[in-house]
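Numbering (our numbering), first residue to last: 952 to 1349.
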């Protein structure tokens, strides 16, 4: 070996933790000693010397088994420094192997770090293949269809379980947990009445104002009362109530039951012989079945009051005329049409929220995913079922 290789290829660096490289030949073995910090912030200080060492190993055709790295005096090491040390080992070998024959000495983490860097130096980083946008879109559509049918089947199965539990509850009322039912009715229903009334009040006012602008052109301003009455009683009151329940209460159902699932409280219930359906699902279903018609009733009143507010102040329709026209031309038929939807929407919303909560896995990502799914599915089903109601009532001429 040339004497230049036997001596220190890199002069000592004055800085305390600057990287240092010492190379010497002992009995035919090329020992590479490293010292100091080998990090991305310091490695550039000996870049030329590293290149020189690599060139010497290659040009001298040094045998792989004759090159070793000593890490006893190595201080700090990051991926940049580990990569350079692996390059030194690689220069003397056909295949990079980090083991006791190539790396000597003790260090808290350097040896494991070098082993982790092996695959990057040996095989390089695999470049991902270009994504086929069309294939990805097709797969996304297929996955969406699969999820839709799977969710539909699981929801129908859960509906069957809930109906079975409700039948048992009605045949034996002592099995019903009335205190939790009342608590859920208060938090999910009673506390939501103010926001439901406020929204339907403004919707009734907007319908009256916008309808009057169109009807006034035909001299039919008084028909604004009919428009407000029919739209609020048949659709807006129950739809707004259902959407508020889906966004406010349904998400709470999923979060509450999902949290219990994450903390294994539901598993504990099953172990001690308590039925999660009776303990968690039935109280929430009963609470919404009781409170939703009440909420819809208050929403109807608020919507009609909003329409009356605009009619009296801007359309020169007296409050007495407003009430008389509601009674004479709108009647109670539309009231019962709207109220008939309330229990159905309540059942759908409660079922979806509880089922999604029971589907939560043991992580917060799953909890957020199922909470979002509960709200989206509930709103979708409410609108879909409302459209079905409209078709049925239209065929029945109601």
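Even for Gly, the Cβ is constructed at its ideal location relative to N, Cα and C.
Residue state for residue 1298 is assigned as helix, using DSSP reduced to three classes. Residue pairing by DSSP puts residue 987 in a beta bridge opposite 1025. Just so you know, the alpha carbons of residue 1131 and residue 1067 end up roughly 55 Å apart. In this structure, residue 1141 keeps its C-beta atom at 8 Å or more from the C-beta atom of residue 1213. Inside the region 1145–1209, DSSP marks whole alpha helix (DSSP H) runs of 4 or more residues at positions 1174–1182, 1188–1195, from first to last along the chain. For residue 1244, the closest C-alpha among the options 1290, 1262, 1274 is that of 1290. The residues 1158, in chain order, have a CB closer than 7 Å to that of residue 1182 in the same chain once the five nearest residues on each side in sequence are set aside.
Residue 1186 counts as buried, since at least 16 other C-beta atoms from the protein chains shown sit within 10 angstroms of its C-beta. A check of alpha carbon separations from residue 1300 across 1025, 1011, 1148, 1109 identifies 1109 as the nearest.
Taking the C-beta atoms as reference points, residue 1197 is found no nearer than 8 Å to residue 1254. Under DSSP, the beta-bridge partners assigned to residue 973 are 984.
Annotated as distal: residue 1162 and residue 1256, with beta-carbon spacing of 8 Å or more. In this structure, the alpha-carbon of residue 975 lies about 7 Å from that of residue 983.
Ranked by Cα distance from residue 1236, the options 1346, 1103, 1133, 1262 are led by 1133. About 4 Å separates the beta carbon of residue 1308 from that of residue 1205, a gap short enough to meet the 8 Å contact definition.
Linking residue 1316 to residue 1305 through their CA atoms gives a straight-line distance of about 18 Å. Boundaries of the alpha helix (DSSP H) around residue 1218: 1216–1222. For residue 993, there is no enclosing alpha helix (DSSP H), as DSSP marks it with neither H nor E. Rounded to whole angstroms, the separation of the alpha carbons of residue 1216 and residue 1335 is 34 Å. In chain order, 1209, 1311 place their CB closer than 6 Å to the CB of residue 1318, counting only its own chain and leaving out the 5 sequence neighbours on each side. For residue 1262, the enclosing alpha helix (DSSP H) has its first and last residue at 1233–1265.
For residue 1311, the secondary structure class from DSSP, reduced to helix, strand or coil, is coil. Under the three-state reduction of DSSP, residue 1286 is assigned to helix.
The region 1169–1177 and the region 1103–1118 do not touch, with fewer than three beta-carbon pairs separated by less than 8 Å. When C-alpha distances from residue 1005 are compared across 972, 1227, 992, the shortest belongs to 972. Rounded to the nearest whole angstrom, the CA to CA distance from residue 1097 to residue 1324 is 15 Å. Taking a 10 Å sphere around the C-beta of residue 1090, we find fewer than 16 other C-beta atoms and assign the residue as exposed. Judged by beta-carbon spacing, residue 1023 lies beyond the 8 Å limit of residue 987, meaning their Cβ atoms are not closer than that value. For residue 1000, the enclosing alpha helix (DSSP H) covers residues 998–1010. Short of 7 Å from the beta carbon of residue 1330, and not among the five residues preceding or following it, lie these beta carbons of its own chain, in chain order: 1194, 1197. The beta carbon of residue 1276 sits closer than 6 Å to those of 1176, all from its chain and outside the five residues before and after it, given in chain order.
If you draw a straight line from the Cα of residue 1144 to the Cα of residue 1200, it is about 12 Å long. A direct Cα-Cα distance of roughly 20 Å separates residue 1248 from residue 1280.
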